[in-house]
Amino acid sequence: MSLSPLYGPAAAPAAGATPSAPTASAANTAGSSSPAQQVLGQDAFLKLMIAELQNQDPSQTTNGTQFVAQLAQFSALEQMTNVAQAVTKLDSDVTALSQQTLLTQGAALIGKQVSGTDAGGHPVQGTVSQVTMQNGQVELQVGSQTLTLAQVERIDNAASTPTSTPTSAPA
Numbered sequence: 457m458s459l460s461p462l463y464g465p466a467a468a469p470a471a472g473a474t475p476s477a478p479t480a481s482a483a484n485t486a487g488s489s490s491p492a493q494q495v496l497g498q499d500a501f502l503k504l505m506i507a508e509l510q511n512q513d514p515s516q517t518t519n520g521t522q523f524v525a526q527l528a529q530f531s532a533l534e535q536m537t538n539v540a541q542a543v544t545k546l547d548s549d550v551t552a553l554s555q556q557t558l559l560t561q562g563a564a565l566i567g568k569q570v571s572g573t574d575a576g577g578h579p580v581q582g583t584v585s586q587v588t589m590q591n592g593q594v595e596l597q598v599g600s601q602t603l604t605l606a607q608v609e610r611i612d613n614a615a616s617t618p619t620s621t622p623t624s625a626p627a
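Going by our numbering, the sequence shown wraps up at 627, each residue one higher than the last.
If you want it as C-alpha cells, here you go:
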C-alpha cells in the first residue's frame, strides 16, 4: 500500500483498518485555515508508515523500493516546507529592511528644503521638520503640509543665513 493516496481525492483506509477518523485528504479539503492542520506532519507521517507496516497483508508486503520511495517523498515534502518557511521569513525581513531604508532616507532630509506636489495636486515647498512612517510610506512634514517621499520633486540645502567673516585691520 502507498501513502500517496492520502493526498488525493480517492484516499482509502489501509487494509484491515476501520475508517473511524477522517482521512488526511478529507481534513485538508474541509477548509481549515490553520497551516498546521493542512500539512501532514512528520510524526503523523511516520505513525502512518508504522501502522502500514504493522497492518499490511502478509501475502502482499510492502517491498523495500516502495518504502524508500515513501521516505523520499516525505523528505522532499519536509524540505519544501522548510524552504516555504524560509521564504516567508525572508520576505518579512526584506519588507522590514526596505521600510527602515526609506525611513533613513527620509530622516536625511530633515532640515533640507524640498518641493513637490501633494496628493491634492497642490505645490508644497519648505523645510522638512519631521519624518514619520504611515501605512508603510514615509511622510515628510513640510511646514503644515505633508509630502510622501515619492512626491518630492526637488531637494536643496536649507536656506542659510549669510554669515560675515570677521576682518581684521592690517597691522
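Note that beta-carbon positions come from the ideal geometry of N, C-alpha and C, so glycine has one too.
As the structure is a computational prediction, the values presented were derived from the model and not from experiment.
CB-CB under 8 Å to Gln-597, same chain, minus the five flanking residues each way: which ones, in chain order? Val-584, Ser-585, Gln-586, Val-587, Thr-588
Give me, in chain order, the residues of the same chain whose beta-carbon lies closer than 6 Å to that of Thr-604; leave out the 5 immediate sequence neighbours on both sides. Gln-593, Glu-595
Within 7 Å, strictly: CB atoms of Gly-582 and Val-608: no
Assigned secondary structure, Asp-612 (DSSP; H/G/I helix, E/B strand, else coil): In the structure shown, Asp-612 sits in a strand (DSSP, three-state: E or B).
Determine which residues share a DSSP beta bridge with Ser-571 and list them. Gln-581, Arg-610
Rounded to the nearest angstrom, what separates Pro-519 and Met-505 at their Cα positions? The residue asked about is misnamed: residue 519 is Asn in this sequence, not Pro. Distance between the alpha carbons of Asn-519 and Met-505 is about 13 Å.
Residues near Arg-610 by beta carbon distance below 6 Å, same chain, minus five either side: Ser-571
Consult DSSP for Thr-588 and reduce its assignment to one of helix, strand or coil. strand
According to DSSP, what are the bridge partners of Gln-597? Gln-586, Thr-602
Evaluate Val-580 with the Cβ neighbour count: other Cβ atoms within 10 Å of its Cβ, from every protein chain shown; 16 or more gives buried, anything less gives exposed. buried
Out of Asp-612, Glu-508, Val-539, Asp-574, state which residue places its alpha-carbon closest to the alpha-carbon of Gly-567. Asp-612
From this set, Asp-574, Thr-551, Gln-590, Gln-516, which residue's C-alpha is nearest Gly-599's C-alpha? Asp-574
Taking all protein chains shown into account, decide if Gln-516 is buried (16 or more other Cβ within 10 angstroms of its Cβ) or exposed. Burial state of Gln-516 is exposed, judged by a 10 Å Cβ sphere holding fewer than 16 other Cβ atoms.
Extent of the continuous alpha helix (DSSP H) run through Gly-520: 520-563
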